[in-house]
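Structure, as structure tokens:
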Amino acid sequence: MMVPLEEGKVMPRADDAAAVIREGLGRLGTAERAERDRAYLRSDLTHLGVPVPDVRRTVTGARRDLGPFTREDTLRLAELLWPGDVYEHRMAAVETLTARAAVLLLPEDLAVVERYVRASRTWALVDALAVHAVGAVVAREPVSCGDTLDRWARDEDFWLRRTALLALIPGIRAGSPDLRRLSRYADAMLDEREFFIRKAIGWVLRELSVRDPGFVAGWVRERRPRMSGLTYREAVRRLPADAG
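Take 193 as the starting number for the sequence shown in my numbering and just add one per residue.
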């Protein structure tokens, strides 16, 4: 579903940027890298074989040369890049959103991100959306985003559940962790067997252990019998020996 334009409003910047980005990415890839990336990600998408830094530079260059980009321009550009099955085009859409998410995106824009997460089918897209798009908005407007995160944390799609967890990371890094929500989500998912959920719980706890090792040590100690080895190893990796 394309973000509709306001009546009488055109956004040539986004349309021009999408064309420039696609053309640029088409020149940068190699068949060897494409095959390697596809195998590594176990992807069923079409890969051009463009390294992520080159995708980022291509998006940044197009935005710089054709900007300034408003929120509407940004959403439109992402929507133009996402359709189809080319991995690098989707990554460019992700980079478009994450580059200015902390400044431009609003809580209602999480509906767009949700569609992308459901369609991503790989951590390489989901994690960037979760931490750098959703997480940036959540860190800025946690109350307005709470209901959406709570719904995602209960969703049948494990990628959305993972996103709900990882979206808490920017708040942790900024020194404003939502401990109640983190504990509630992680506790509810702790018995899951899905690798990407187990890994996400450990990742979030590991991030928190840098700021609040006592909380993490206590949380892990109380739930150790329920924790997978993967979750436990990730959670305690940065804990100091005297954290308890």
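The beta carbon of each residue, even a glycine, is placed where N, CA and C say it ideally should be.
How close, in whole Å, do the beta carbons of residue i and residue j come, if the pair is a contact with beta carbons under 8 Å?
i	j	result
leucine 397	alanine 427	4 Å
glycine 317	valine 286	Residue identity check: residue 317 is leucine in the sequence provided, not glycine. Contact holds; Cβ gap of about 6 Å.
arginine 430	valine 412	The pair is not a contact, with the Cβ atoms about 12 Å apart (cut-off 8 Å).
aspartate 406	arginine 425	In the sequence on display, residue 406 carries glycine and not aspartate. About 19 Å separates the two Cβ atoms, so there is no contact after all.
arginine 205	aspartate 301	About 18 Å; that fails the 8 Å criterion.
tryptophan 274	arginine 268	At roughly 11 Å, the Cβ-Cβ gap does not stay under 8 Å, so tryptophan 274 and arginine 268 are not in contact.
threonine 314	serine 235	6 Å
Identify every residue that forms a DSSP beta bridge with residue i.
i	result
valine 278	Thr238
Given a cut-off of 8 Å, decide if residue j and residue i are closer than it, judged by their beta-carbon atoms.
i	j	result
alanine 356	alanine 328	no
alanine 291	valine 330	no
arginine 373	aspartate 349	no
alanine 409	alanine 435	yes
arginine 376	leucine 422	no
glutamate 185	arginine 353	Residue coverage of the chain in this structure runs from 193 to 436, which leaves residue 185 outside it and unanswerable.
proline 432	aspartate 404	no
glutamate 306	glycine 221	no
alanine 254	isoleucine 213	yes
leucine 298	aspartate 207	no
aspartate 277	threonine 238	yes
valine 247	leucine 296	no
leucine 289	alanine 209	no
proline 334	glycine 367	no
tryptophan 351	serine 312	yes
valine 304	isoleucine 361	no
The ligand FAD and residue i: does the residue's C-beta get closer than 7 Å to at least one heavy atom of that ligand?
i	result
glycine 241	Annotation note on the ligand FAD: not contained in the displayed structure, which lists no ligands.
Pick out the complete alpha helix (DSSP H) segments inside the stretch 261–318, 4 residues or longer, and give them in chain order.
263–273, 279–291, 293–296 and 302–312
What beta strand (DSSP E) runs, 3 residues minimum, are completely inside the stretch 355–380? none
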